[in-house]
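See below for the structure under consideration.
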Amino acid sequence: MNLGWGLLLLPALLQTAHAEVNYTDRYALPPSKVNLETCQREALRLHPGFIDELRILPQPKTFWIRYQIHMRGGLEWSVVCDLSDGRIARDQALDSN
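Written out as structure tokens, the structure is:
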């Protein structure tokens, strides 16, 4: 009788294991955040320096990322990029007071 229950459960266990093996994009970013590297590269291309701070800004149907970049000479910039397409949305110099 115990063998009967084991045989009934075996197909269910095999299907579950098979489903997990075929799931290859488990760690893929959603389309609204796919351009993280592109945004960082574009922000640093516009204003070479180092990133002091970054913040994800939720928007309707997408996300923006804001970089605060510190350049040589003390100049600071705020660059906002759309993570869904990798384009710079805003670019603004910050007061260094």
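Residue 71 in numbering that gives the first Met the number 0 sits at position 72 of the sequence shown; the count goes up by one each step and never skips.
Ideal Cβ positions, reconstructed from N, Cα and C, are used throughout, including at glycine.
Closer than 7 Å: is that where the CB of residue i sits relative to any heavy atom of the ligand GDP?
i, result
"L45", "Ligands are entirely absent from the displayed structure, and the ligand GDP is therefore not among its contents."
Measure the CB-CB distance between residue i and residue j and report whether it falls below 8 Å.
i, j, result
"I87", "L35", "no"
"E41", "G85", "yes"
"S77", "L93", "yes"
"I55", "I68", "no"
"D81", "T61", "yes"
"L74", "Y66", "no"
Is DSSP giving residue i helix, strand or coil here?
i, result
"P29", "coil"
"G5", "Model confidence at G5 stands at a pLDDT of 49, short of 50, so the residue's coordinates are unreliable; what they give is reported in the following sentence. Reduced to three states, the DSSP call for G5 is helix."
Length-filtered (3 minimum) beta strand (DSSP E) runs lying within the segment 44-93: 49-58, 61-69, 75-81 and 86-93
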